[in-house]
Structures are given as structure tokens and as C-alpha cells.
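What follows is a short report on a single structure.
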Amino acid sequence: NVFDSDGTFIKRLGGEGRGPGEFSSYVRDVQIRGDYLYAFDPDPRRIHIFDVNTLVGMNTVILGDNRTDFQDLAKAYPWIAGVFVRSDSTYIVKYVNHTRDVKHWDNVETTGLLYHVDESGSITKELLTYMSEIRTVNGLIINYEQFFSKKHVIMSEDNRIYMAEPDYFLVKQFNDAGEYEQSFYYPLVTHPLSEDTAIKSGFHERIIEDMHNMDLPEFWPVVTDMLIDDQDQLWVATTVENLSIYEWWVVETLGELVARFDWPRNKPIEYIANGNIFTKETDDESGLQQIVRYRIKVE
């Protein structure tokens, strides 16, 4: 759905289905590059492209039909965990892989595989392979990852890749070919993970109960999220003693600190652009989710 700046509905893009411009599942990784909006439809693994001026669908691209040509991808799971649109209208696609033979409550290390995909949707080459995250297996579909390490990956306007380590504030920079360039680090205090601290952080009662079955880490992840704004500044969310909030760090890509501020966990920041923060919040009375815009003022 498209709305203007005051929330007035304008138009719905696409529809439900499996045809061109139609969505057969939920929409993820919506990005705007130049005059085009790219929306990822995960179930059939495709990208829909719309003109932002006319709001007309321009193309639908199937991603990675040739994945079996690459040995590591032939063994990986078929779903796509994330998509980045590059400045030349090609893509970086993240696949994931982990051990198949796992038991209930096992901790599993998940491997992230970043591949370059051309405009037609064909995979051309591998860029990066890394340990992406740890999950506790709870059935075939539900896997708990909230308490464990997860590397956060984003891409800048010039196609550089930034990767934040979860257990300490270390951000690595890679060029558009996936080659390491530099990194920066800030020393931060770690905070113990326990049932009491999980309750304070607002986790659902069912997850708290399941903690007794998990082989949990000793500390909370230091870095819990990383975003990038339209000025290519990195926004990094960190864990602090008060578990009802995150401390957000705004830093330049070379690591220079711009600002720090506290922000409620129940108002997750989704997007930053044009001097505004956009959050996803739940109305206490109706229970409906809404997008809320806040103006940024750095002093």
C-alpha cells in the first residue's frame, strides 16, 4: 500500500497471486533505488519492480534459478534470507545453510552465503561466506534466535557491505566485490542473560518457559540491530543495563561517532531517511500496528 506523507492512502501496488506484479506471500526487503521500488516476494523467490513516479509495475525477476550450478548453494536451503539492490540494478542475495541432522533444543550455527545476482536473476559469483547466527531448534519451523549471536549485514549506496559482530561492537567494511577493507571497534560492557533479565526485556511468557530447555549464552548480544540511513550513516542498536530500551549509536562508515540516544524496545526503528525515523508501533487500544514518524534533531 502507498500513502502520502500525512498517511492518506494513494494506491495498492500489485495484488495477490503468482503472476507478474503479484505477491503470493508476505513482502520483505522493500528498497528504492533511483526511480524504482523493489519488493521481494520470498515464497517464489522473486523481485517485483515498480516505477515510483507512475506506481506502475515494470518487471518481475525470478532470483537464482541457476543456484544448483554453485556447489555450496546446491547444498544450502533453497529460501532466500535477504536481498540488497545495488546501484547498477543487480542484486546481492543471502542464502543460508546449516546442519540437517539436528535434534530438538540443539543449538545450530547458520552459515550466511552472499552471492551476486545479475539483472535477469542469474547468480554470477560468490561474494562472502560467514557464520551468520546461532539458533535453538524448536520443531521443524520455529527456531529461537533472540538470545544468540546474529551478525547484521547492510549495504551502502556505493555497494559496500557492512557487517556488525553481535558479541562486541565491531563493524567490518567490505568493497563491492566482497573484499575486506577496514573495520572499527567500540568497547562496551556485556550484560548477563537470565530468566529475570529476559522478563524485563519483554519476551513472551512462552519463550521464557522454553529457556529452561536451551543451552543459553552467558551474556546478551552486545549489538542487536544495524541500519543505514540515506546519508550512509550506520545506526547500531546495543544492549544496555535497562532492558526496556536500546542505546542507538549513529556513526559514520569510518567509525566516527555522530550521536547516541536511548530508544524504547517496543518502538522498533524500521527506516531512517530525510531526517526522520520511522518506527513500527502497536496501538494499545486497537492492537493494530502503525507506522510512526519522528523528526531527528542532533545537537
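When we follow the numbering used here, the leftmost residue of the sequence shown carries the number 4, and every step to the right adds one.
Glycine included, every Cβ here is placed at the ideal spot set by N, Cα and C.
Everything numeric in this text was worked out from a predicted model, so none of it was measured.
Let me check understanding here. Comparing Cα to Cα, which of the options lies closest to residue i?
i	options	result
Glu250	Gly258, Val239, Leu260, Glu259	Val239
Arg324	Gly278, Ala276, Glu244	Since the first residue shown for the chain is 4 and the last is 302, residue 324 is missing from the structure and cannot be characterised.
Gly278	Arg49, Asp232, Glu112	Asp232
Val307	Ser28, Gly115, Val120	The question about residue 307 has no answer, for the chain in this structure spans 4 to 302.
Thr57	Ile95, Ile211, Arg48, Asp38	Asp38
Gly115	Lys97, Thr127, Thr11, Val261	Lys97
Ile126	Phe187, Ile95, Glu208, Val88	Ile95
Gln234	Ala276, Ile137, Ile202	Ala276
Val105	Tyr133, Thr139, Ala84, Arg89	Thr139
Ala180	Glu129, Lys203, Thr193, Glu284	Glu129
Arg36	Ala201, Arg296, Asn162, Glu184	Asn162
Arg296	Asp286, Thr282, Asp32, Gly290	Thr282
Thr71	Tyr118, Ser152, Arg298, Phe206	Tyr118
Lys153	Lys175, Gln236, Ser135	Ser135
Ile248	Ser28, Ile83, Lys270, Asp286	Lys270
Phe187	Met229, His155, Ala201, Ala167	Ala167
Ser303	Leu246, Gln34, Leu131	Nothing about residue 303 can be reported from this structure: the residues present for the chain run from 4 to 302 only.
Trp266	Thr132, Glu255, Glu259, Thr242	Thr242
Asn216	Leu76, Tyr29, Lys78, His107	His107
Asp75	Phe43, Ile202, Tyr133	Tyr133
Leu131	Glu255, His101, Ile52, Tyr183	Tyr183
Can you say whether residue i is buried or exposed, counting buried as having 16 or more other CB atoms within 10 angstroms of its CB?
i	result
Leu257	exposed
Glu273	exposed
Glu160	exposed
Gly67	buried
Pro23	exposed
Gly10	exposed
Ile144	Because Ile144 carries a pLDDT of 49, less than 50, the predicted location of this residue cannot be relied on, and the following value inherits that uncertainty. The residue in question, Ile144, is exposed, as its Cβ has fewer than 16 Cβ neighbours within 10 Å.
Glu19	exposed
Pro195	exposed
Val301	exposed
Lys14	exposed
Glu288	exposed
Gly290	exposed
Val261	exposed
Arg21	exposed
Ile83	buried
Arg263	exposed
His207	exposed
Phe12	exposed
Ile294	exposed
Gly124	buried
Asp7	exposed
So residue i packs on residue j, CB below 8 Å; how close in whole Å?
i	j	result
Leu191	Phe172	5 Å
Val5	Tyr41	The Cβ separation is near 14 Å, so there is no contact.
Asp170	Val225	6 Å
Gly17	Gly60	6 Å
Tyr165	Gln176	6 Å
Ile157	Met229	6 Å
Is it true that the CB of residue j sits closer than 8 Å to the CB of residue i?
i	j	result
Asn110	Asp218	yes
Tyr80	Val99	yes
Thr93	Glu122	yes
Ile210	Gln292	no
Arg31	Pro45	yes
Ile52	Phe43	no
Name the DSSP beta bridge partners of residue i, please?
i	result
Arg298	Asn279
Val88	Tyr94
Met134	Thr114
Gln292	Thr285
Asn100	Thr114
Pro195	Phe222
Met217	Looking at the DSSP assignment, Met217 forms no beta bridge with any residue, so it has no partner.
Asp265	Glu250
Ile65	Arg49
Chain B beta carbons: is any one of them nearer than 8 Å to that of residue i?
i	result
Gly60	Structure shown: chain B not included; a single protein chain is present.
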